Every structure is written in structure tokens, then in C-alpha cells.
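Following: one structure in C-alpha cells, then a few remarks.
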Amino acid sequence: MDFYTKYRNQATLRVAGFVALLIFLTLGTGWALYVSQRVNMMTILALMSFVATLAGALMVPAITRIIEPVKDIWQAVQHISPHGESATAPSADEVHIGKELVSNLINNIYQLASVVEDIEKTNAKQAQDMHVSFVANSLPLPLIVLDDKETIVYVNEVSLKYFGIPADELEGKNVYTAFDMSFVNDKTLTSWLKEARHDSVTANANWERVRIGLPGQKDGKQFDMAAHYNKSNPMGYETLLVLFDHTDIYSQDDQSMSFVALGVHELRTPLTLLRGYIEVFDEELGPSLTPELKGFMQKMDASAQQLSAFVDNILNVAKIEDNQLTLQLHEEKWEDVLMNAINDLSLRASVRGITIKTDIATDLPTVGVDRYSIYEVIANLLDNAIKYSKGTKEIYVSASLNKDGFVETSVKDFGLGIDSSILPHIFDKFYRNHRNRAQIGGTGLGLYLSHAIVQAHSGQISVNSKVDEGSTFTFTLLPYAKLAKDDKSGDTTSITRGAHGWIKNHSLYRD
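Following the working numbering, the residues of the sequence shown are numbered contiguously, the last one being 519.
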């Protein structure tokens, strides 16, 4: 017998019992009054009606219990409904009739609701799953998705073709294991993610000229990269990386630089001879030269110095690009190093009628520098100050210990200045101010080289400038005593550093 038939029989029996009881009470009352012969017929009928009404009223609550299953089923539906009026689940134990039917129906309702919820969750998950996402798979750019442990959880078809690696060799691996990424400065993917996790819920970033090495492939890729970070993403997609391939363009730049460096290298020998002859002529003939010829000799010497600096810049940038420029940091007195460069550049400044004034603190600590490379930094900054002085007669060089304990050096001119829109790119390779590059010669490599060398010395370089008011370039050096202990080995006073422009991405892998 099914639960519904059992419930129907119970309800039928209960209703029949109530009707029989009502009839019995009504007729019994009338019969008792009639047999007594103490009241007339009209009174008997009136009393029978009263008894029937009173008995019916008393039986209504008992009869209504027959429809209790409907109430409990309705309450169960309301309980699971997202817009239900009641949040209380019904209890089948309180049902007096049709208990089995109510329990069975409520259980079925809950099971159906659970199935629907699972289906909705599955559909929602599939809708967000990158592997079945139309947008992700149709994106015409390489897309890499990482979880909160920097593990690759998805790469689209374009990425697989771009890298030439099957999906099963990428997905599930740590991104730093799968790819050997290098960046042009210390803002790497690792450092950005660390900062984003600490400070932001969502964040965006982009990089230019990212290099990537691929296992088993001689030539890597070069591209620009955009990243989006989303903290606690429900699907586990914390970081999205989109790549913009520029391998051909950037490779041509590298080849062009190598070709230029090769050509410039051939200038070194004749340039060395030229400077040697100028020094000999100045020593042997200088005292007998007229002031006019003496001026010509000074201009020749200044031009030879400028050409020599140009050659050194080109060759060192080429070395930086090939990761071949190595610096040997020694303990030096900064005042001596600085004044040596200033004295050499004073001739070039005097040819243009410019005086270099200095304000160097006398109590500066020793610094750890590579004399040759740091000389180039000072020479580049002074050379720029001389070129962009715009008729002003003075350049100021100052050095002091700043509040952070770094030795801070500034080169200040009062010339053309730099527009604020240009400042963010001033240390980029080949970048030059469009306002005056036609009037003032240069390669756009001096500041790029200076930036790389200062960073290799654990320092920072910055600029403060206003158009037609001049510029102040400032760079810092770490006192030798504060250099990291692991940079020193034994009793040696030499520290080896690479001055390349490519910073390897790294991470502390987590279990």
C-alpha cells in the first residue's frame, strides 16, 4: 500500500468517525428528550440543532488536522525557496495523520532541491572554467592563468602554439619552473605579485621587453606583458597574463645594437691614437702656441673626450644587453672619485664657457664602486648638463649623506629643462627629448647606461626638472660598510656585480 492510499484511508476513517459521532450525539439528544416526554417537539428540534452545532464546532480542530500534511509540505517548499517566507524546516514528527506521506514528500523535495543546486553549481563552474570559455579560447593572444601559488592552471591554444609546448607540460607546473622570464628592471612578476597580495584586492600591471627562455630551444621570445590580479577568485584564477609578441622587432633592435657596437669598436684604436697625439702636441707645443691655437687644441681635446665617451657608452650598452658587463666594486673615497671625473670634464665645460662648482661634504663614508663604470655615470650626467645648459654659465655638483644613510650626489644645471610628459621615459634606451633632439646631438644611451650602472651599485637615480629652469639628476650609492655581508668573501675588498639590464624573475616556491 502506498503512502497516499494509507493517508486517504486514514482521513476517510477520521471524517467518517466525526460524522458518525455528530449524528449519534444529535439523534441521541433528540431521542432522550422525546422519550422523557417532558418537552414538545419544537424544543427537541431546537436542542438537537444546538447540540449538532456545538459538537461540530468542537470537532473542527480535530478535523483540520487532516490537512496538516499540506501545511508541512508547503513549509518545506518555502524553506528551500530562495525567496521563501519562512526559514524554518518542518518537522514530520509533529504530524498526526499521513506522517509517512509527509516525510517521504519532504525528503523528495529536499533531494530535488539538492540536485538542482548541484546542477546550478556545475553550470556556473563550467561557465567560468577557462577550458570551456569561448572568450579565453578565442583570444588571439597568448593567455596564461595562475593560481595563488603561481601554478599554471590554464593556457589557451594560442599560447601552446606560441611556445610550442603541449598543455600537459605547462598546466600544473609553477610558472617560474615552466618559463625562464627576465625583465628590464627590478619590477618583476614576482615583486609585483608580492606587492599586490599585500596591498590590493585587484591590481593591473604591464611590462615591456620581457624575455623568456624555453627548454630545448636556442632562441627565446621577447614580448610585452599585461597582468591582472584578483585576490581570492572563487575559481582559483588569481593572476591572468596576456602576452604581446614583439620578438621580431626587439630582436632587430638587439641586432642593430650589436652591429653598431661592432662598428664603434673599430673606432677605439684610431681614437686612442688621436687622443695620444693631442696630449703629445699639448705638452710639446702648448707653451709656444698662440692663445687662438691653444683654444683650438683645447677644443680638439674636448671633442676627443666626447667621442671617447660616446664609444664607451655604445660598447657598454652592448655588453649590458648581452649580460657581459661585469663590475668590480672596491672601497673608495667618494670625494676622490667624484673630483677626478669633474676635473676631466672641466675642460669640456670651459670650452663652452661653463664653470663646474662643487659642494662635497668632507665627512663622507667610503663607498663600494667600480671606478671605471661610475666615472661614466658622472661623465654622462655632466656631459648632459653641459649640452643642455642653454647659455647659462654654471653647473653645480653636490655630495652628502642623506637621511637613509646613502651617499647622495646631484648634478644641477639651469638650462633647457625637461617636460613632465618626458620624465617617465628619460632613462629608457634610445629615448631623447623631441623638443631639442634636432639641435643637440646624442644617442639616447647615456642615461639608460647610467641607470643600469647605478642600480648595479645598489643605488637609485632620479631626476627633478622644469622646462626653461634646468634639471637636477641625483643618484645614490651605498656606503661600503653597509654592503650586504654575502657580497663579501673573506678578506677581499672586491665585490663582483653584473650590470646587465635584464633581471631574472624568481620566487620562493611554496608547497
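For every residue, glycine included, the Cβ atom is placed at its ideal position computed from N, Cα and C. This one's a predicted model, so the numbers in the text were calculated from it and none came from an experiment.
Per DSSP, the bridge partner or partners of residue i
i      : result
Glu521 : This structure leaves residue 521 out entirely; the chain is present only between 9 and 519.
Glu416 : Ser408, Thr484
Asp232 : Phe252
Ile368 : Ala407
Ala211 : Tyr237
Val375 : Glu340, Pro487
Ser479 : Ser473
Asn182 : Thr159
Where the beta strand (DSSP E) containing residue i begins and where it ends
i      : result
Asn388 : Here Asn388 belongs to no beta strand (DSSP E); instead the alpha helix (DSSP H) covers 379–395.
Asp253 : 247–253
Val471 : 469–474
Val161 : 160–163
Cβ-based burial, residue i [other Cβ within 10 Å; buried from 16]
i      : result
His433 : exposed
Asp494 : Model confidence at Asp494 stands at a pLDDT of 44, short of 50, so the residue's coordinates are unreliable and nothing is read from them.
Gly303 : exposed
Trp82  : exposed
His459 : buried
Gln119 : exposed
Thr363 : exposed
Phe483 : buried
His465 : buried
Ile257 : exposed
Phe481 : buried
Asp10  : exposed
Leu485 : buried
Thr196 : buried
Val520 : Residue 520 lies beyond the residue range present for the chain, which begins at 9 and ends at 519; the question has no answer from this structure.
Pro77  : buried
Tyr380 : exposed
Met521 : One cannot answer for residue 521 here, as it falls past the ends of the chain, which runs 9 to 519.
Glu287 : exposed
Ser429 : exposed
Beta-carbon proximity list for residue i, same chain, < 6 angstroms, skipping 5 on both sides
i      : result
Ser497 : In this prediction, Ser497 has a pLDDT of 48, which is less than 50 and means its spatial position is unreliable; what the coordinates show is noted afterwards. Closer than 6 angstroms at the Cβ level, and outside the excluded window around Ser497, lies no residue.
Val209 : Lys239
Val23  : none
Asp427 : Val475
Phe422 : Thr400, Gly478
Trp342 : Leu372, Val375, Val415
First and last residue of the uninterrupted alpha helix (DSSP H) at residue i
i      : result
Leu154 : Careful: Leu154 lies outside any alpha helix (DSSP H), inside the beta strand (DSSP E) at 151–154.
Ile461 : 454–464
Ser428 : No alpha helix (DSSP H) contains Ser428, which DSSP labels as neither H nor E.
Leu197 : 197–207
Contact test: residue i Cβ vs the ligand GTP heavy atom, cutoff 8 angstroms
i      : result
Leu197 : By its list of ligands, the structure shown contains no ligand whatsoever, and the ligand GTP lies outside what it can speak to.
Residues of its chain near residue i, where Cβ-Cβ distance is below 7 angstroms and the 5 sequence neighbours each way are ignored
i      : result
Gly449 : With a pLDDT of only 45 at Gly449, under 50, the local geometry of the prediction cannot be trusted, and the value read off the model is given with reservation. Excluding residues within five positions, none has a Cβ falling inside 7 angstroms.
Ala60  : Leu30, Thr34
Ala446 : With a pLDDT of only 41 at Ala446, under 50, the local geometry of the prediction cannot be trusted, and the value read off the model is given with reservation. No residues qualify anywhere along the chain.
Asn444 : Because the pLDDT of Asn444 is 48, which lies under 50, any placement of that residue in the model is unreliable, and the question is left without a value.
Ala204 : Ala211, Tyr237
Thr37  : Leu55, Met56, Val59
Ala369 : Ala407, Ser408, Leu409
Ser167 : Pro150, Leu151, Ile152
Val359 : Gln306, Lys307, Ala310
Spatial neighbours of residue i in its chain, beta-carbon cut-off 8 angstroms, leaving aside the 5 residues before and after
i      : result
Gly244 : Asp155, Asp156, Val161
Pro299 : none
Closer than 9 angstroms to chain D by CB, residue i
i      : result
Thr366 : Looking at the structure shown, chain D is missing, and only one protein chain is on hand.
So, does the region 165–172 touch the region 197–212, judging by three or more C-beta pairs under 8 angstroms? No, because fewer than three Cβ pairs between the region 165–172 and the region 197–212 fall closer than 8 angstroms, the two stretches do not touch.
Give a yes or no on contact between the region 469–478 and the region 350–361, applying the rule of three or more CB pairs nearer than 8 angstroms. Short answer: they don't touch.
Are the region 240–256 and the region 287–302 touching, with three or more C-beta to C-beta distances below 8 angstroms? no
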